[in-house]
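Going line by line, the protein sequences match chains A and H.
Residue numbers are given in my numbering: position 90 of the first sequence equals residue 90, and the series is strictly consecutive.
Residue numbers are given in my numbering: position 44 of the second sequence equals residue 152, and the series is strictly consecutive.
From the three backbone atoms N, C-alpha and C, an ideal C-beta is built for every residue, glycine too.
Structure, as structure tokens:
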Amino acid sequence: AQRVTQPEKLLSVFKGAPVELKCNYSYSGSPELFWYVQYSRQRLQLLLRHISRESIKGFTADLNKGETSFHLKKPFAQEEDSAMYYCAPNNAGNMLTFGGGTRLMVKP
Amino acid sequence: ETGVTQTPRHLVMGMTNKKSLKCEQHLGHNAMYWYKQSAKKPLELMFVYNFKEQTENNSVPSRFSPECPNSSHLFLHLHTLQPEDSALYLCASSQVSGGVGGNTIYFGEGSWLTVV
Numbered sequence: 001a002q003r004v005t006q007p008e009k010l011l012s013v014f015k016g017a018p019v020e021l022k023c024n025y026s027y028s029g030s031p032e033l034f035w036y037v038q039y040s041r042q043r044l045q046l047l048l049r050h051i052s053r054e055s056i057k058g059f060t061a062d063l064n065k066g067e068t069s070f071h072l073k074k075p076f077a078q079e080e081d082s083a084m085y086y087c088a089p090n091n092a093g094n095m096l097t098f099g100g101g102t103r104l105m106v107k108p
Numbered sequence: 109e110t111g112v113t114q115t116p117r118h119l120v121m122g123m124t125n126k127k128s129l130k131c132e133q134h135l136g137h138n139a140m141y142w143y144k145q146s147a148k149k150p151l152e153l154m155f156v157y158n159f160k161e162q163t164e165n166n167s168v169p170s171r172f173s174p175e176c177p178n179s180s181h182l183f184l185h186l187h188t189l190q191p192e193d194s195a196l197y198l199c200a201s202s203q204v205s206g207g208v209g210g211n212t213i214y215f216g217e218g219s220w221l222t223v224v
């Protein structure tokens, strides 16, 4: 069965500290991986996708097929990074399966 | 407004009422979705429409009835709901190219539903 695990429901860090939001997946085949973000009072939106290999707002995510992980990282967290983050593999055409989400709180 | 718009933003309904949620996408996409977001569960995919045809019904109770009259509009008809159906209902769209792999999905702001 397809499964996505974000083990931390809440992650609290101080401004300037490194942050890593964990995501592990259990999928058949080779899924494409996405991270979506939901800022307060805003809609859920794409942050980055592994196929792009981009850094968005200072965030990067590396797909580790051996560990079936797609952790989201940023070396220096900012207060405006506070939001809900969702990991979402896609292995069935156009359907996303979302993890439970991790709320990131960046304290001043 | 561009993107994906949903109406109403907030809805309170009784268990015997019939109401509908509306979604419109202005992105020229060919696929639309309904998701349910509640406090106690991860985002749940409910329905998928590709080229106006329903391709996925994720074991959703029949009290939720989707309708997709064209590739730009999607409705969710609600009838005899239960209080546990109270949640944020998100509409989304994407352009499906038919290739292997995923496509970016664009979400609306959601409709907050409260069933009393």
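Exercise. Give the interface partners of V168 (chain H) over in chain A, defined as CB-CB distance under 8 angstroms, in chain order.
Key: Residues of chain A passing the Cβ test: none, with the nearest at roughly 14 angstroms.
Quiz item: DSSP puts L104 (chain A) in a beta bridge; with which residues?
Solution: Bridge partners of L104 (chain A): A:L11, A:A83.
Quiz item: In angstroms, rounded to a whole number, what distance separates the CA positions of E54 (chain A) and Q45 (chain A)?
Solution: One Cα belongs to E54 (chain A), the other to Q45 (chain A), and the distance between them is close to 16 angstroms.
Quiz item: Where does P116 (chain H) sit, in a helix, a strand or coil, going by DSSP?
Solution: In this structure, P116 (chain H) counts as coil in the three-state DSSP scheme.
Quiz item: Taking Cβ positions, are K126 (chain H) and H187 (chain H) nearer each other than 7 angstroms?
Solution: Yes.
Self-check item: For H50 (chain A), the three-state DSSP class (helix, strand or coil)
Solution: It is helical.
Practice problem: Please state whether DSSP places E217 (chain H) in a helix, a strand or coil. | Solution: In the three-state reduction of the DSSP assignment, E217 (chain H) falls in the coil class, being assigned neither a helical nor a strand state.
Exercise. Please confirm if the region 189-205 of chain H is in contact with the region 125-140 of chain H, defined as three or more CB-CB distances below 8 angstroms between the two stretches.
Key: The answer is yes - the region 125-140 of chain H touches the region 189-205 of chain H, with three or more Cβ pairs under 8 angstroms.
Exercise. Please check if any C-beta of chain A sits within less than 7 angstroms of the C-beta of T307 (chain H).
Key: Nothing about residue 307 (chain H) can be read from this structure; chain H reaches only from 109 to 224.
Self-check item: For Y214 (chain H) and L184 (chain H), the rounded distance between their alpha carbons
Solution: L184 (chain H) and Y214 (chain H) have their alpha carbons spaced roughly 18 angstroms apart.
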